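Numbering (our numbering), first residue to last: 5 to 146.
Some notes on the structure that comes next.
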């Protein structure tokens with residue numbers, strides 16, 4: 005459901021503040037019909053909720069809000085040995101991809117140092133930590 009980058013972006017915006025489909029469409033630069041379709045799909049799967057309904061000169065405006073910031077598939081079973089994991093689909097420029105990659109690399113380095121500092125005071129287990137940035141194969145439905 006959230007593998008579509010446009011839907012993930014809509015959820016992110018609606019987590020920050022409730023908006024109408026028209027407001028979201030203006031924000032993401034897509035036509036109102038496309039955004040309305042995606043909002044209805046997200047609503048159908050309980051990812052969004054209607055926060056309020058306003059009547060303005062006979063026009064009904066529904067304001068939608070995301071129910072949460074992070075969603076996990078309750079049916080997905082992690083393979084043995086997997087402790088945690090996240091996946092997201094977002095739009096990024098090449099510049100932001102490079103920045104993200106560098107920040108993740110710095111986090112690995114930071115936690116390597118923290119691990120060394122606590123090695124004599126806390127019990128530790130070995131973990132393999134990976135990250136992967138790849139272009140999404142998901143096409144937006146227009």
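No residue lacks a Cβ here, since even glycine has one placed at the ideal position from N, Cα and C.
These numbers come from a predicted model, not from an experiment.
Beta strand (DSSP E) segment containing residue i, residue limits
{"i": "residue 122", "result": "No beta strand (DSSP E) holds residue 122; the alpha helix (DSSP H) holding it covers 98-122."}
{"i": "residue 66", "result": "63-70"}
{"i": "residue 136", "result": "Looking at the DSSP string, residue 136 is not in any beta strand (DSSP E), and its letter there is neither H nor E."}
Inter-residue CB distance, residue i and residue j (contact presumed, cutoff 8 angstroms)
{"i": "residue 137", "j": "residue 105", "result": "6 angstroms"}
{"i": "residue 93", "j": "residue 140", "result": "5 angstroms"}
{"i": "residue 47", "j": "residue 14", "result": "At roughly 11 angstroms, the Cβ-Cβ gap does not stay under 8 angstroms, so residue 47 and residue 14 are not in contact."}
Check whether residue i and residue j have beta carbons under 8 angstroms apart
{"i": "residue 135", "j": "residue 100", "result": "no"}
{"i": "residue 42", "j": "residue 11", "result": "yes"}
{"i": "residue 133", "j": "residue 113", "result": "no"}
Extent of the continuous alpha helix (DSSP H) to which residue i belongs
{"i": "residue 46", "result": "36-48"}
{"i": "residue 20", "result": "9-20"}
{"i": "residue 81", "result": "Careful: residue 81 lies outside any alpha helix (DSSP H) and carries neither H nor E."}
{"i": "residue 128", "result": "Neither: residue 128 is in no alpha helix (DSSP H) and is coded neither H nor E."}
(message) Does the structure place the segment 57-73 close enough to the segment 22-36 that three or more beta carbon pairs sit under 8 angstroms?
(response) With the cut-off at 8 angstroms, the segment 22-36 and the segment 57-73 touch.
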